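For reference, the structure discussed in these notes is given below.
Chains as they are written, first to last, in the numbering used here: chain A, 2 to 241; chain B, 5 to 384.
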């Protein structure tokens, strides 16, 4: 159940209250988010839409703990992240967040396997255990046969699937996807959205997605629009 | 080390750039190695100087001789336990480029005075029994492919004529820095072929004293003994004597330090620039690492690790090359008999390379550490 009115029951996986974000551009102060509220339950698939500059990516960055709000609070799985130190926040991200980027952001000198393995290097898993986790993640995204390929040897869709495998390999609390289909053709975009939907449906992942693409947004259970710094509810759909 | 592939992969990203940077380190450390060898060659006398030995030379100049009659007088001074003498022969073997030092020595005391030079007893005995006998250093033997029993002609320059010698023994040094390029023969042989006015003269005396703490007192006593004589003396410790020789060649230390400093500073700029470019190119990747949970300290260590790895491999390569170069022996034809890259110089070189790697990497690593994930991801 997704709510934007600040009246969630307190059991939400993600709980945002009164979130403000201001930027200073020269002498001008830009108020991107203004008192934003959000409650997302575990297993939800939420798409954020809105015009360019509306603050979608900023919201995602704040939820992922890679940016700090000007005011308000964000609580994820019981952890209030807005007052965490930078070091704590880094540890928290490693445990709870899987990022999926528009430009894939794979490390070009590492193979698909090594890229997916990156988050696991922060754990105490043995080499064999890491291998098993990576193979499982690559199996979910259907790229077992490409594990030793470098990003330059993969198509855009395949690169994004490797990015998704990297995001899920450490079994994070939720996935934050910033325009994951923005750089892909329709067919590849559909494949990526199929995969995200399957992660929600079969693996009970919580996915928060920012997109400009209405077709992609329709795959989410809930579509929220960012308007004037606050979220308003859009159309809802079954996970397809 | 589960992160090593991250370092290797990044270094192999731009192979030409990595190779050139490694080459810069290798060339700089090769040069460092050679400078250390030259410094060592000049300072070799200082390193091997005995703490309990004094050198007595003519006060006017080292090329002026002293009378042999001083031997007994010096030996009687309290604190003196042994006295020997030697003459510089300055001969030429086959060609003037074949330089090596030849000394006419006092055969009863010279071996005792310099125990660091090891001569087998039977060979020394054979030397003593042959007026034309000679003892030669093992490096000299290798250089000219001599062996015991060979007859060696040397053309005198200070002492005219061609002098024939029989090689009766080969000495070794007990330490790596000992000079094993010398040629010793009997003072008596030199003396018997001298004309009358050059007889009874020696080049210098070497004096062993009972206690190094007495060096100043004994040296003063020797010089005082011969004050106002026709052959006044200048006595100093063997170390001071060797240092005086080094000074005659100019301020070698300053020269080598200057060259070394310029080389390392240039290397610092080259490596610093390389690392700065390498980090700037990878801002997004470093931001992604941070986003997935790698700490600021890890990113700092990753960049520094790359810089230090370059320094260690390039520096090690350069030092290995300079070591190989020295193994071929003195390339100057005998001017630098102690042509040896010592282990402390290798360690110093490696530490210097790592210091350059550290300094060159610290600014890019710091900027990578301070990188804000959001800003870096926003860049296209």
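No residue lacks a Cβ here, since even glycine has one placed at the ideal position from N, Cα and C.
As the structure is a computational prediction, the values presented were derived from the model and not from experiment.
Exercise. List the residues of chain B that residue 83 of chain A touches, going by C-beta distances under 8 Å, in chain order.
Key: Stepping through the first chain from its first residue, residue 83 of chain A is reached at position 82. Within 8 Å Cβ-Cβ: nothing; residue 83 of chain A doesn't reach chain B, min ~15 Å.
Self-check item: Beta-carbon proximity of residue 137 of chain A to residue 297 of chain B, cut-off 8 Å
Solution: By one-based count along the first chain, residue 137 of chain A stands at place 136. By one-based count along the second chain, residue 297 of chain B stands at place 293. Contact flag unset, no.
Quiz item: Going straight from the alpha carbon of residue 88 of chain A to that of residue 299 of chain B, what length do you get?
Solution: For the purposes of this step, residue 88 of chain A is taken as the residue at position 87 of the first chain. For the purposes of this step, residue 299 of chain B is taken as the residue at position 295 of the second chain. Cα to Cα, the separation comes out at about 7 Å.
Exercise. Taking only the alpha-carbon atoms, compute the straight-line gap between residue 180 of chain B and residue 69 of chain B and give it to the nearest angstrom.
Key: Walking along the second chain from the start, residue 180 of chain B turns up at place 176. Walking along the second chain from the start, residue 69 of chain B turns up at place 65. Cα-Cα distance, rounded: 31 Å.
Quiz item: Of all the residues that make up the segment 270-299 of chain B, which are near chain A by a beta-carbon distance shorter than 9 Å?
Solution: 286, 288, 289, 291, 292, 293, 294, 295, 296, 297, 298 and 299
Quiz item: Are there 16 or more other CB atoms within 10 angstroms of the CB of residue 220 of chain A, so buried, or fewer, so exposed?
Solution: Taking the first residue of the first chain as 1, we reach residue 220 of chain A at position 219. By the neighbour-count rule (16 or more Cβ atoms within 10 Å), residue 220 of chain A is buried.
Quiz item: From residue 145 of chain B to residue 151 of chain B, what does the alpha carbon distance come to, in whole angstroms?
Solution: Counting from one through the second chain, the residue named residue 145 of chain B turns up at place 141. Counting from one through the second chain, the residue named residue 151 of chain B turns up at place 147. Those two C-alpha atoms are separated by around 7 Å.
Quiz item: DSSP state of residue 59 of chain A, grouped into three classes?
Solution: Position 58 of the first chain, counting from 1, holds the residue named residue 59 of chain A. Here residue 59 of chain A sits in helix by DSSP.
Exercise. Could you tell me the distance, in whole angstroms, from the CA atom of residue 138 of chain B to the CA atom of residue 122 of chain B?
Key: Within the second chain, the letter at position 134 stands for residue 138 of chain B. Within the second chain, the letter at position 118 stands for residue 122 of chain B. If I take the Cα positions, the gap works out to 14 Å.
Quiz item: At what residue ranges does the segment 26-106 of chain A contain a whole run of the beta strand (DSSP E), taking only runs of 3 or more?
Solution: 29-41, 46-50, 72-77 and 98-101
Practice problem: Consult DSSP for residue 93 of chain B and reduce its assignment to one of helix, strand or coil. | Solution: Position 89 of the second chain holds residue 93 of chain B. In the displayed model, residue 93 of chain B falls within coil according to three-state DSSP, outside both helix and strand.
Quiz item: Using 8 Å as the limit for Cβ to Cβ distance, is residue 16 of chain B near chain A?
Solution: Counting from one through the second chain, the residue named residue 16 of chain B turns up at place 12. Yes, residue 16 of chain B counts as interfacial toward chain A.
Self-check item: Other residues of its chain near residue 213 of chain B: CB distance less than 8 Å, five sequence neighbours each side excluded
Solution: For the purposes of this step, residue 213 of chain B is taken as the residue at position 209 of the second chain. Once the five neighbours on either side are set aside, the close Cβ partners of residue 213 of chain B are 56, 57, 58, 83, 84, 85, 219 and 222.
Exercise. Name, please, each residue of chain A whose Cβ falls closer than 7 Å to the Cβ of residue 246 of chain B.
Key: Numbered from its first residue, the second chain carries residue 246 of chain B at position 242. Per Cβ cutoff of 7 Å: no residues; residue 246 of chain B is ~55 Å from chain A at best.
Practice problem: Spell out the partners DSSP gives residue 157 of chain A in its beta bridges. | Solution: Translated into positions along the first chain, residue 157 of chain A becomes position 156. Looking at the DSSP assignment, residue 157 of chain A forms no beta bridge with any residue, so it has no partner.
Exercise. Using the Cα positions of residue 110 of chain A and residue 10 of chain B, report the straight-line distance between them to the nearest angstrom.
Key: Position 109 of the first chain, counting from 1, holds the residue named residue 110 of chain A. Position 6 of the second chain, counting from 1, holds the residue named residue 10 of chain B. Approximately 9 Å between the Cα atoms of the pair.
Quiz item: For residue 169 of chain B, which option in B:163, B:257, B:182 and B:134 has the closest C-alpha, if you only look at C-alpha atoms?
Solution: On the second chain, position 165 is the one that residue 169 of chain B refers to. Selected option, being the one with the closest Cα: B:134.
Quiz item: Cα-Cα, which of B:351, B:140 and B:209 is closest to residue 4 of chain B?
Solution: Limits of chain B in this structure are 5 at one end and 384 at the other, which puts residue 4 of chain B out of reach.
Quiz item: Do residue 73 of chain A and residue 10 of chain A have their CB atoms nearer than 8 Å?
Solution: Within the first chain, numbered from 1, the residue matching residue 73 of chain A stands at position 72. Within the first chain, numbered from 1, the residue matching residue 10 of chain A stands at position 9. No, the pair does not count as a contact, with Cβ atoms beyond the cut-off.
Quiz prompt | Enclosing beta strand (DSSP E) for residue 187 of chain B [first to last residue] | solution = Within the second chain, the letter at position 183 stands for residue 187 of chain B. Segment 187-190, the beta strand (DSSP E) holding residue 187 of chain B.
Quiz item: According to the Cβ coordinates, are residue 34 of chain B and residue 320 of chain B closer than 8 Å?
Solution: For the purposes of this step, residue 34 of chain B is taken as residue 30 along the second chain, with counting starting at 1. For the purposes of this step, residue 320 of chain B is taken as residue 316 along the second chain, with counting starting at 1. No, they are not a contact pair.
Exercise. Check whether the Cβ atoms of residue 174 of chain B and residue 140 of chain B sit closer than 8 Å, and answer yes or no.
Key: Along the second chain, read from residue 1 onward, the residue named residue 174 of chain B stands at position 170. Along the second chain, read from residue 1 onward, the residue named residue 140 of chain B stands at position 136. Contact flag set, yes.
Quiz prompt | Contact belief for residue 43 of chain A with residue 14 of chain A at Cβ below 8 Å, rounded distance in angstroms | solution = Along the first chain, one-based indexing puts residue 43 of chain A at 42. Along the first chain, one-based indexing puts residue 14 of chain A at 13. Rounded, the Cβ-Cβ distance is 4 Å, consistent with contact.
Quiz item: Does DSSP put residue 298 of chain B in a helix, in a strand, or in coil?
Solution: By 1-based counting over the second chain, the position of residue 298 of chain B is 294. Note: residue 298 of chain B maps to coil in three-state DSSP.
Exercise. List in chain order: all unbroken beta strand (DSSP E) runs of 3+ residues lying wholly within the segment 121-179 of chain A.
Key: Correct list: 175-179.
Quiz item: Checking contacts by CB at 8 Å: is residue 307 of chain B closer than that to chain A?
Solution: The residue given as residue 307 of chain B occupies position 303 in the second chain. By this cut-off, residue 307 of chain B is not an interface position.
Quiz item: Counting along the chain, where does the beta strand (DSSP E) carrying residue 106 of chain B start and finish?
Solution: On the second chain, position 102 is the one that residue 106 of chain B refers to. Run containing residue 106 of chain B: 106-109, per the beta strand (DSSP E) assignment.
Exercise. Pick helix, strand or coil for residue 267 of chain B, following the three-state DSSP scheme.
Key: To locate residue 267 of chain B, count along the second chain from 1; it is residue 263. DSSP places residue 267 of chain B in helix when its eight states are reduced to three.
Self-check item: Residue-chain proximity (residue 377 of chain B, chain A), Cβ-Cβ < 8 Å
Solution: Here the question's residue 377 of chain B lines up with position 373 in the second chain. At a cut-off of 8 Å between C-beta atoms, residue 377 of chain B counts as an interface residue with respect to chain A.
Exercise. Answer yes or no: does any C-beta atom of chain A fall closer than 8 Å to that of residue 369 of chain B?
Key: By one-based count along the second chain, residue 369 of chain B stands at place 365. With 8 Å as the cut-off, residue 369 of chain B does not count as an interface residue toward chain A.
Quiz item: Going by DSSP, what residues sit across from residue 459 of chain B in a beta bridge?
Solution: Only positions 5 to 384 of chain B appear in the structure, and residue 459 of chain B is not among them; the question remains open.
Self-check item: C-alpha gap between residue 2 of chain B and residue 382 of chain B, whole angstroms
Solution: Absent from the structure is residue 2 of chain B, since the part of chain B shown begins at 5 and ends at 384.
Self-check item: Backbone secondary structure at residue 21 of chain A - three-state DSSP
Solution: Here residue 21 of chain A corresponds to residue number 20 of the first chain, with the count starting at 1. In the structure shown, residue 21 of chain A sits in a strand (DSSP, three-state: E or B).
Exercise. Verify the CB distance criterion: does residue 120 of chain A have a CB-CB separation below 8 Å to chain B?
Key: Within the first chain, the letter at position 119 stands for residue 120 of chain A. Yes - at least one Cβ of chain B is within 8 Å of the one on residue 120 of chain A.
Quiz item: According to DSSP, what are the bridge partners of residue 226 of chain A?
Solution: Position 225 of the first chain holds residue 226 of chain A. Answer is A:50 and A:233.
Quiz item: Quick one: does residue 6 of chain B have its CB under 8 Å from some CB of chain A?
Solution: Counted from its first residue, the second chain places residue 6 of chain B at position 2. So, interface residue.
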